[in-house]
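What follows is one structure encoded as structure tokens, with my remarks underneath.
In my numbering, the protein residues as written are 175 to 1304.
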């Protein structure tokens, strides 16, 4: 090439000489010959080795020679194996020497690449002589690379696989030309650009040096290494072929292009933007550009956006939260997903709409998805996301946990491994408390047995607002209350759900139900004018004067300043103090402010609740006169001051104060009932499992019992049936009021649960299935007070709809049963109508069911005619007919309690007390520290038994019938509170119009009305939700003893007496009509009903003596042939 000679002649003075075509071919051919010859040799050696081994086995006949040869072979194998292991240890960087060795190889590779960059400034057609100092240095580097290549070759198990690895190809195509250059005393650029592929080892080197530690940084370093090595290698090939030209054209189309121009061309090609100032002219260069363009599209589309996202997220989500003085914020961590964040924001922001001054800092362990980012952008004024883990102090510092108002931990209730979920959240609490002990923690826990670990944390402080929301405890507690008092589960749930969707009621009963959904449990400090009043006086004043329902107070003892606790409907002996915290059922915070602003002087003559506002004399100091508020109330509300008791009591008893009479305690019952050491629950000695197992071949005469269908198996996670049993065994029920509990389910599962419930009386187990009609016959389900369906944590499934499959199938199976009633049962007594449907001159009723749904959207599988919205598809659970009637429950609303606990933990404490049967947070640690034990002789907890209990009373068959007048709910509320100390909070009303009854094909249906208005007119068939003081005799007083009916037998069959013992060994009855003639008529409502079996412990003893239990391995597989004319499927 004549144009190059003057340049080369000038270059010879600087150690540059002209490189002929033969010399260039020698450098390239040496690399290819080394690669292919080595590959062929390795392959031939492998074939020979296989042939020798096969031939050696055939010729080996002498056993001694065989043993000796094998021994020598094993010895050689051991030596080779030990040597190979040491080399592998050296190359894997597991020792300090190995790390130094690996780092040295990488540094020398980068040094060799830098020498290539320096030499690339010279024309490609020139060769560097050894006068250039870079050539001997590069030779030394390549000598070290050959030594490193040999070590890796010896350590490789599969030689052929090693030979074709990327790092081996780099060494094969760069090391031999270095030794050729030593022989020719000159060096050529050639394929030395392949050293750029060593940049792929950059992430490993950075990890060894501990420069990068996080997953994002490792990922970013890998992306950078891939992109840089690809660019440098492609630019080196373009630089070679464009400066050399096509070989078949004798370099006539060659062009002088620098290495920097080659990189520029490669980058422009990668970005799919061609400017045309630098182009490839050779055929080899253009062919390479075509293939490289296709590869660059994949490279650019995958790696570059990912790098940009990593850079953006690292800058966006790894920065620290900036604390602004005077601005409050909370930290939320745990299960940060689209569903959990959406539910939390909806519940948290609704409490004070338009007044939110608390920012929410989400601490997530993974960067947010695009959908989650969209949610954060919609709530940009309230939310901030920080990427990190609550288990790392540096991330807690970036989230500024020490300055937060509270730290809220969200759990995942739909996870497959609930124990691991609880353990992870407890570790988060421990990490946060260790970082800053004063941080207020509100945590969601799935299982109650995991709660015991949290109070053991030294810095855990209940009084500072630390709180636990246990899903299993609250969920099963709600269901238990629904089993004890029908409809109570719906009433309590409605006080905590938020209904934002506007619904137009189509039927009158729907209007009443929707009005009740507007009420919530709210708290407010009472005015000082309430000081000195009794609770009945204060509650009456609030309801009539302010349209507020006061149901409980936080009581501060005057004698023990350290004692405080919530009391539901306290007796008249408890006097209110100044600054007492009251718990109200009301519609808004604005309404409950009336209790704070009330002034007995200024508001004495006010009759409109809206007129009770802050007055001018509130700043003055007034001497309170006891009862002044009540006097003013009676003066202005004459209709309610005339409520009195009819002459139904003896004169001597009438002169006694009604409140004093009601709270007299029966010491005989107190001594007979055996309670646990806390005095909060009924207790019995530990009962062996085999003594409570029922035979599937028998028919048991249970009456007014609770049937719990458990759908778990031997591998299911324990749901904690103890939380279901505890509210049903609360000590504020007398022993006669306890209902038998019969569990139907897998014996393998119930055996695991039994050790937690074996100290509670009147519990029985039937190995079987709710999907099998024969097992339902066995436990006499036709006479149960409630049948509930319980399912453990859902297993992983393809669709969220399928999580409730078993529960829905069991509900349909039980709901399809038709129970025949006799002529004596199909009557109406004192306004209470039996639940039946006439069909072919026979009358039937249905089994009351309470079903738990994991997925609320599955309500349409249970609904018969749809919910209040009038559509079957997409019906909301809380607007459905099944929910209104108390037939279905879902724990999805429990997510809202996290925000409730932050704003007002007193509300959560009241809910916990109502649902669990009266247990407080302070008492939990005592119950978890030891197993349930018998009541000591000198117990100081026995007074806790005097707490109120929830019940359902009839207007005509209980003491409520003695209140006159009682045309409206307001008159009933005041009369029952004044005369009996009973607090009425809602109604359970019959849908008596068969055409408007959504379940008219099944019988009479009842719905819940929460906190009816004062002027709400009562129906004769109404049942009243009440908070009843302990040992209050709710029987209707009548001079005719023969017609006296117990309050627990309002609309149900009568309990068995001592003359009619329950024989559990009696075979299945063929004609139950004769037995039912001994009892009263039946209905689905069973308020505060006494158990038909008055045997409790003795009942279980009889079971043990008669050997009733037997282990049944198969559940639902036995086919019991029975002829039962009473219970037949539809």
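All C-beta atoms in this analysis are idealised placements derived from N, C-alpha and C, irrespective of residue type, glycine included.
In the pairwise beta carbon analysis, the region 853–864 is classified as touching the region 924–933: at least three pairs are separated by under 8 Å.
For the beta strand (DSSP E) assignment, the region 419–459 encloses no uninterrupted run of at least 3 residues.
Residue 218 and residue 324 have their C-alpha atoms some 20 Å from each other. With respect to residue 345, residue 319 sits close: the two C-beta atoms are nearer than 9 Å. For residue 934, there is no enclosing alpha helix (DSSP H), as DSSP marks it with neither H nor E. With a 10 Å radius around the Cβ and a threshold of 16 neighbouring Cβ atoms, residue 657 comes out buried. Between the region 882–894 and the region 976–989, the count of C-beta pairs closer than 8 Å reaches three or more; the two stretches touch. For residue 369, there is no enclosing alpha helix (DSSP H), as DSSP marks it with neither H nor E.
Non-local C-beta neighbours of residue 1183 in its own chain, meaning closer than 7 Å and more than five positions away in sequence, comprise 686, 687, 690, 1160, 1161 and 1163, ordered along the chain. Following the DSSP letters along the chain, one finds residue 765 inside the alpha helix (DSSP H) bounded by residues 763–771.
Segment contact: the region 548–555 against the region 465–472, fewer than three CB-CB distances shorter than 8 Å; contact not assigned.
For residue 683, the enclosing alpha helix (DSSP H) starts and ends at 682–691. Secondary-structure assignment with DSSP links residue 694 through a beta bridge to 760. Note on geometry: alpha-carbon atoms of residue 1144 and residue 1030 lie some 35 Å from one another. A direct Cα-Cα distance of roughly 22 Å separates residue 700 from residue 1122.
When secondary structure is reduced to three states using DSSP, residue 1193 falls in the coil class, being assigned neither helix nor strand. In the structure shown, residue 992 falls within a strand segment according to DSSP collapsed to helix, strand and coil. When DSSP states are grouped into helix, strand and coil, residue 324 belongs to the helix group. The region 1053–1067 and the region 616–634 do not touch, with fewer than 3 CB-CB distances between them shorter than 8 Å. Annotation for residue 336: the continuous alpha helix (DSSP H) segment containing it runs 333–337. DSSP, read as helix, strand or coil, puts residue 636 in coil. Of the residues assessed, residue 357 falls on the exposed side of the cut-off, its CB having fewer than 16 other CB atoms within 10 angstroms. Membership of residue 272 in the alpha helix (DSSP H) is indicated by the continuous run 270–293. Cβ neighbours of residue 898 within its own chain (closer than 6 Å, five residues either side excluded): 650 and 654.
Rounded to the nearest angstrom, the Cβ distance from residue 771 to residue 782 is 14 Å, too far for a contact under 8 Å. Here residue 785 is exposed, its C-beta having fewer than 16 other C-beta atoms within 10 Å. Under the three-pair Cβ rule at 8 Å, the region 382–400 does not count as touching the region 411–429. In the DSSP annotation of this structure, the continuous segment of the alpha helix (DSSP H) that includes residue 1087 starts and ends at 1079–1090. Here residue 1119 carries a helix assignment [DSSP, helix/strand/coil].
Residue 897: member of the alpha helix (DSSP H) spanning 896–902, first to last residue. The region 305–322 and the region 334–354 touch, with no fewer than 3 CB-CB distances between them shorter than 8 Å.
Within the model, the alpha-carbon separation for residue 1134 versus residue 1196 is close to 11 Å. Closest by C-alpha distance to residue 1194, out of 1180, 1209 and 1129, is 1129.
Residue 1180 has 1164 as its beta-bridge partners, per DSSP. For residue 515, the enclosing alpha helix (DSSP H) covers residues 512–523. Here residue 791 carries a helix assignment [DSSP, helix/strand/coil].
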